[in-house]
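In what follows, a single structure is set out as structure tokens and then discussed.
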Amino acid sequence: MESMQLDQTDVKPQLQTGNIDNSSSETEAPKVTELEILPVIYEIIRSIEKDPVDNAAKQKESQDCSQKVLELQKRLDSARITIRQLPGIDYSKEEQLRRLESLRKQLALKQQLIKKYKNVQF
1 MESMQLDQTD VKPQLQTGNI DNSSSETEAP KVTELEILPV IYEIIRSIEK DPVDNAAKQK
61 ESQDCSQKVL ELQKRLDSAR ITIRQLPGID YSKEEQLRRL ESLRKQLALK QQLIKKYKNV
121 QF
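For reference, each letter of the sequence shown is one residue, going 1 to 122 in UniProt numbering.
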């Protein structure tokens, strides 16, 4: 078997924020927030895996690791704030399902109207 190595990838989870109301203009793009958490976790793991021999190097690695953990905490806090600001996050699952069903009914009605008026000649 070949040994597997961890490679740092450019995985950037994205949260799409913005209104889902029909009142917003179609040209307005929703705000996308990138959360780069995986690279920081990768760096923390890499610094933990290092095993320096002398005490000075161990202390420096320990400080670097602590800084990376603080950076991860800041990014996670930022992610929590962004998630709390997402539209619809304050609705319960049942309310979200009711809204989804309502929007599906509206879509079906609009599709029927489009189909109906598509064949009408003026």
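For each residue, glycine too, the CB sits at the ideal point set by N, CA and C.
Flag this pair as yes or no: are the beta carbons of K68 and I44 separated by less than 7 Å? Yes, Cβ-Cβ distance for K68 and I44 is below 7 Å.
Run through DSSP, which three-state label would Y42 get? The answer is helix: DSSP assigns Y42 an H, G or I state.
If we call anything under 7 Å between Cβ atoms a contact, is V40 one with L70? Contact annotation: V40 and L70 have beta-carbon atoms that are not nearer than 7 Å.
Whole angstroms is fine: what's the gap from E101's alpha carbon to S78's? Near 32 Å, if we compare the C-alpha coordinates of S78 and E101.
So E61 and S47 are in contact, right, with Cβ under 8 Å, and what is the actual spacing, rounded? Confirmed, about 6 Å.
Tell me the residue span of the alpha helix (DSSP H) that contains N119. Run containing N119: none; DSSP gives neither H nor E here.
So what's E36 in DSSP terms, helix, strand or just coil? E36 falls in the coil class under three-state DSSP.
Taking the straight line between their C-alpha atoms, what separation do you get for S92 and L76? Looking at the two C-alpha atoms, the distance is approximately 23 Å.
Can you tell me which of the three DSSP states E53 falls into? In the sequence on display, residue 53 carries Val and not Glu. In the structure shown, V53 sits in coil (DSSP, three-state: anything other than H, G, I, E or B).
Give the secondary structure of L100 by DSSP, where H, G and I count as helix, E and B as strand, and everything else as coil. In the three-state DSSP reduction, L100 falls in the helix class (H, G or I).
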